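Chains as they are written, first to last, in the working numbering: chain V, 577 to 955; chain Y, 18 to 213. So the structure is just underneath, and the comments pick up after that.
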């Protein structure tokens, strides 16, 4: 490991942390304001910093900041008969793996340090740095492995709180998340067969090679719907928020949590949303792909005829790629919030029935059909 | 007896759930864009919220607000201390002490005035019976104001000066009903000269 590589890795880790840790409070804000817009309300817009007689509110963006301050100053209540170690460990276990899942997500194409200021040649030389923290050869399986840890956090939070509501919430969380992880993994098998790789960067370049019609959502629409539904279930959000169950479980597995520990559960939920939307972007929406933007500039061509061409420097293309990835992720997050505010909650038996009776057979069928198509088309 | 509820007959598209979600999303997304990309109060925006302390809804014309004692043309109270209002008051929140106008005043011996007129606005139930009972249009609830909040009971005891300092919603201290003082050519009834 030489110093450039270390510096690049540290930079990428910082980038991921900044993106994730700023997106989660912004998501809290978006959740509140977006629901308000849907329901003909105004939403929180009061918290502000008074600057010279003017109240700086940023359309309510400071409310998450006020929340964070309140979380820190609140009493950190631990039930007298609770397991103190596990009680403190549970929120950590539910947050850290979700952040760690970002390690394999590629935010942009390989950056060639020697060609930053010029148009990228067809076969670039020198040092190329992939814009992802770690390129593991198990790829997306790593994401499943670490985000599967999230269930441990919810389960031990429910177990250690010495509260029946928490215990029921923890049980429900464990049951639901383990069930949906099966569907989540199987729904993507069709994609693995199609892309012929487990690496997210390979999946993205497969889609880029085939243009906008090669995006996974057109090639694997059933897998998209199954994976999207499964990932909402994994993040425990409405319509799958059975483990929290405000109306019957008084908050579910985090009933006994207050202050920043509760804040960490909330943050974990939002970060898990960002992870699943970033994954969806990689697998189904071409990752950082921008239609008609190649690595050396814009090639606007349709049906074999080129209408417009413009070469661009490597740094500019790289910045557009990263911005494109983030934009796609944000649009998907918006859609996820939209779904959360449109649908009512399922009953517990409906959640389980939907997973085992409908989604699991459908994902198996999807694997079968994809296999047949690949076998007979020979591609 | 248990009541049997028949299962809804769903079409295949409804049972598949996904098209129905898309339909529902269409409604919520439409609402979202409608409300997000139009300013409040304009056509197409459905948010009816009023930002309370900065924006206030004007009360309807006949809203019963806090009381005021109306003035005569010379600024003295129209009230003749007949005690009709305090008698009518179901909450017994009006306290009046009557007094004679001084010797030499045209009204002396003809009508009295309230030396003390106190309303306990905390006791008041804002029923408006006092306004209806008043034969002189001297007490009205047309100020258009609700009682401002306070943590001190003393702030809710309104004396005569306070009640006379509250204008109507239109800003005037008098009323639209004309007052015919004794001696005026328009005075319809008896006065001291004709009475005796």
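Note that beta-carbon positions come from the ideal geometry of N, C-alpha and C, so glycine has one too. These numbers were taken from a predicted model, which means no experiment stands behind them.
For residue i, go through chain Y and note every residue whose CB falls closer than 7 Å to its CB, in chain order.
i                     : result
residue 610 (chain V) : 49
residue 716 (chain V) : Correct list: empty, because the minimum Cβ distance to chain Y is about 24 Å.
Assuming residue i and residue j are in contact, meaning their beta carbons sit under 8 Å apart, how far apart are those beta carbons, in whole angstroms?
i                     : j                     : result
residue 94 (chain Y)  : residue 130 (chain Y) : 6 Å
residue 142 (chain Y) : residue 108 (chain Y) : 5 Å
residue 798 (chain V) : residue 942 (chain V) : 5 Å
residue 84 (chain Y)  : residue 158 (chain Y) : 6 Å
residue 147 (chain Y) : residue 111 (chain Y) : 6 Å
residue 724 (chain V) : residue 734 (chain V) : 17 Å between Cβ atoms; not a contact.
residue 199 (chain Y) : residue 190 (chain Y) : Contact flag wrong, Cβ pair sits at about 21 Å.
residue 807 (chain V) : residue 776 (chain V) : 15 Å between Cβ atoms; not a contact.
residue 730 (chain V) : residue 819 (chain V) : 6 Å
residue 617 (chain V) : residue 64 (chain Y)  : 7 Å
residue 901 (chain V) : residue 864 (chain V) : 4 Å
residue 605 (chain V) : residue 624 (chain V) : Actually they are not in contact, since the Cβ atoms of residue 605 (chain V) and residue 624 (chain V) sit about 13 Å apart, beyond 8 Å.
residue 55 (chain Y)  : residue 61 (chain Y)  : 5 Å
Among the options, whose alpha-carbon lies nearest the alpha-carbon of residue i?
i                      : options                    : result
residue 848 (chain V)  : V:652, V:809, V:682        : V:809
residue 609 (chain V)  : V:622, V:820, V:786        : V:622
residue 774 (chain V)  : V:720, V:787, V:731        : V:720
residue 645 (chain V)  : V:940, V:618, V:601        : V:601
residue 1011 (chain V) : V:681, V:875, V:579, V:900 : Since the first residue shown for chain V is 577 and the last is 955, residue 1011 (chain V) is missing from the structure and cannot be characterised.
residue 828 (chain V)  : V:738, V:807, V:762        : V:738
residue 757 (chain V)  : V:812, V:787, V:709        : V:812
residue 138 (chain Y)  : Y:60, Y:89, Y:37, Y:173    : Y:173
residue 894 (chain V)  : V:693, V:817, V:663        : V:693
residue 35 (chain Y)   : V:666, V:854, V:800, V:735 : V:800
residue 843 (chain V)  : V:580, V:593, V:586, V:902 : V:593
residue 680 (chain V)  : V:667, V:654, V:712        : V:712
residue 75 (chain Y)   : Y:96, Y:160, Y:26          : Y:160
residue 947 (chain V)  : V:772, V:891, V:935, V:683 : V:772
residue 603 (chain V)  : V:590, V:850, V:677        : V:850
residue 599 (chain V)  : V:945, V:903, V:931, V:586 : V:903
residue 750 (chain V)  : V:732, V:890, V:951, V:762 : V:732
Nearest chain Y C-beta to residue i closer than 8 Å, yes or no?
i                     : result
residue 917 (chain V) : yes
residue 607 (chain V) : no
residue 948 (chain V) : no
residue 999 (chain V) : Given that chain V is displayed from residue 577 to residue 955, the structure contains no residue 999 (chain V) and the question cannot be resolved.
residue 801 (chain V) : yes
With a threshold of 8 Å between beta carbons, is residue i in contact with chain V?
i                     : result
residue 41 (chain Y)  : yes
residue 192 (chain Y) : no
residue 64 (chain Y)  : yes
residue 53 (chain Y)  : yes
residue 38 (chain Y)  : yes
residue 148 (chain Y) : no
Cβ closer than 7 Å: which chain V residues qualify as neighbours of residue i?
i                    : result
residue 45 (chain Y) : 614, 914, 917, 918
Is it the case that the CB of residue i approaches a heavy atom of the ligand COA more closely than 7 Å?
i                     : result
residue 799 (chain V) : Judged by which ligands are present, the structure shown has none, so any question about the ligand COA falls away.
Find the residues of chain V that neighbour residue i, judging by a C-beta separation of less than 8 Å, and give them in chain order.
i                    : result
residue 35 (chain Y) : 801
Any beta carbon from chain A within less than 8 Å of residue i's own beta carbon?
i                     : result
residue 662 (chain V) : Reference to chain A is not applicable here, since the protein chains of this structure are V and Y.
| On the three-pair Cβ rule with 8 Å, is the stretch 883-895 of chain V touching the stretch 915-931 of chain V? | no
| Cβ pair count under 8 Å reaching 3, the stretch 649-658 of chain V against the stretch 688-708 of chain V | no
| the stretch 20-31 of chain Y in contact with the stretch 773-788 of chain V per 3-pair CB rule at 8 Å | no
| Three-pair Cβ contact test at 8 Å for the stretch 761-769 of chain V versus the stretch 932-948 of chain V | yes
| query | Hey, is the stretch 862-878 of chain V in contact with the stretch 813-827 of chain V, meaning 3+ C-beta pairs nearer than 8 Å? | reply | no
| request: Count the CB pairs spanning the stretch 636-643 of chain V and the stretch 661-672 of chain V that are closer than 8 Å, and state whether there are at least three. | output: no
| said: Would the stretch 912-921 of chain V count as touching the stretch 697-706 of chain V if we require 3 or more Cβ pairs under 8 Å? | reply: no
| message | Between the stretch 785-800 of chain V and the stretch 855-868 of chain V, can you find at least three pairs of beta-carbon atoms closer than 8 Å? | response | yes
| Any 3 or more C-beta pairs closer than 8 Å across the stretch 68-81 of chain Y and the stretch 22-31 of chain Y | no
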